[in-house]
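Chains as they are written, first to last, in the working numbering: chain V, 1 to 272; chain A, 1 to 153.
Think of the CB as a built atom: it goes at the ideal place given N, C-alpha and C, for glycine as much as any other residue.
Here the structure is a predicted model, which is why all the values come from computation and not from measurement.
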């Protein structure tokens, strides 16, 4: 006979209620789409003593136009105006996963394979977080993601939105490599943007956090229009500059190769 | 804690003690075994139900979070005497082998046809991409849905 521990469950109706509950008990876990938390509950027998559901918090979805609400689902982002993010959203899981999984969950979980994260890195976006005692703070993406499933989020804080800079380029392209088309966790993902300031290349699943490729970007931006030769050089530099690992999904060598190929292809797709 | 939600048209009050999934609530507590339990990580689609009009994996919905929601399972779509058109089409085309993926495919496919009565082949494949058939009987499943799409409503 196993003893059943009772769980505190708060279906927050608004952000204040969610923040208050989190301030009162920072060990509470936020539940958004459930696509990460419930896998742990089901397979790792993780039993959170206290859960705050965010599904009913409309403030995490209704945002000014320069922000993307943390509660936006992949199904909604798939139809959104940011081309590269819509492409990334389209590759997440399956229709079932996209109906509930949110970009806020992707950010807070901070898996290296999070499909929304390369777009955030390429956009130079900040993550808006909020706590009851200290209000809002904005954290640049490269300060926010600190390691594999590690972030700068304090125990009493919640991710509320992605703050998108005004100068975000409109030419954007995303691609990922995985074992099959639907329902796959990225082996390598890449997002390229091209704007007035040149190319931006961001990658996922090839380092503990999403990363940019400054050396490859500089090489591209030194030329008016990249030649065949410099595109191959970009692929070589990207393969060199990523720091992937070998795990059950792929090998370091394959990830290096695929990262270079994806970056080169997406740069081509972003050419005028 | 007690929650109330609408299950296949009936208001239900249930007691929830832990973080268990809606899938577990349906199968173990509410005696509705039509929704299948296979991977428990959102990868196979066998536990697909409709939650507030969306097709979701019930293994990834915390049962407590169903409070106030409307849930439709395979038992709410058709009965042995009154099959759902998707069930009839799958029978007609022999689109059932071991049957384990069938309830999830019926729920996902019924949702597709509600939203889009005349889907093309790509739309059918996409809508069913979260439902894995380990007998690999996709050809017959696709034929069943192609026929439904041609009929439309």
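Bridge pairing for residue 175 of chain V: V:190 [DSSP]. Residues of the segment 35 to 64 of chain A with a Cβ closer than 7 Å to any Cβ of chain V, in chain order: 40, 41, 42, 43, 45, 48, 54, 55, 56, 57, 59, 60, 61, 62, 64. Measuring C-alpha to C-alpha distances from residue 204 of chain V to each of V:81, V:80, V:243 identifies V:243 as the nearest. Chain V places no beta carbon closer than 9 Å to that of residue 6 of chain A, leaving this residue out of the contacts. Beta-bridge annotation (DSSP): residue 57 of chain A is paired with A:48.
Neighbours of residue 127 of chain A in chain V, taken as residues at a C-beta separation under 7 Å, are given in chain order as 95.
In this structure, the straight-line span from the alpha carbon of residue 144 of chain A to that of residue 92 of chain A is close to 8 Å.
With a cut-off of 8 Å on Cβ pairs, the segment 40 to 58 of chain A is not in contact with the segment 246 to 256 of chain V, counting fewer than three such pairs. Taking C-beta separations shorter than 6 Å and ignoring five residues to either side along the sequence, the partners of residue 156 of chain V in its chain run 22, 23, 26, 131, following chain order. Taking CB atoms only, residue 46 of chain V has a neighbour in chain A less than 9 Å away. Annotation: residue 59 of chain V to residue 83 of chain A spans about 41 Å, alpha carbon to alpha carbon. Counted as a single uninterrupted DSSP element, the beta strand (DSSP E) harbouring residue 8 of chain V occupies residues 8 to 11. Residues 135 of the same chain have their beta carbon placed closer than 6 Å to that of residue 98 of chain A, with the five preceding and five following residues left out of the count. Think of a sphere of 7 Å around the beta carbon of residue 87 of chain A: no beta carbon from chain V falls inside it, the nearest being about 20 Å out.
Counting the other CB atoms within 10 Å of its CB gives residue 150 of chain A a total below 16, which places it among the exposed residues. The beta-carbon distance between residue 198 of chain V and residue 217 of chain V, rounded to whole angstroms, is 7 Å. This is short enough to meet the 8 Å contact definition. Between residue 241 of chain V and residue 176 of chain V, the C-beta spacing is not below 9 Å. For residue 9 of chain V, the closest Cβ of chain A is nearer than 9 Å.
Close partners of residue 182 of chain V in chain A (Cβ separation under 7 Å): 129, 130.
With contacts defined by Cβ atoms closer than 9 Å, residue 113 of chain A and residue 77 of chain A do not form a contacting pair.
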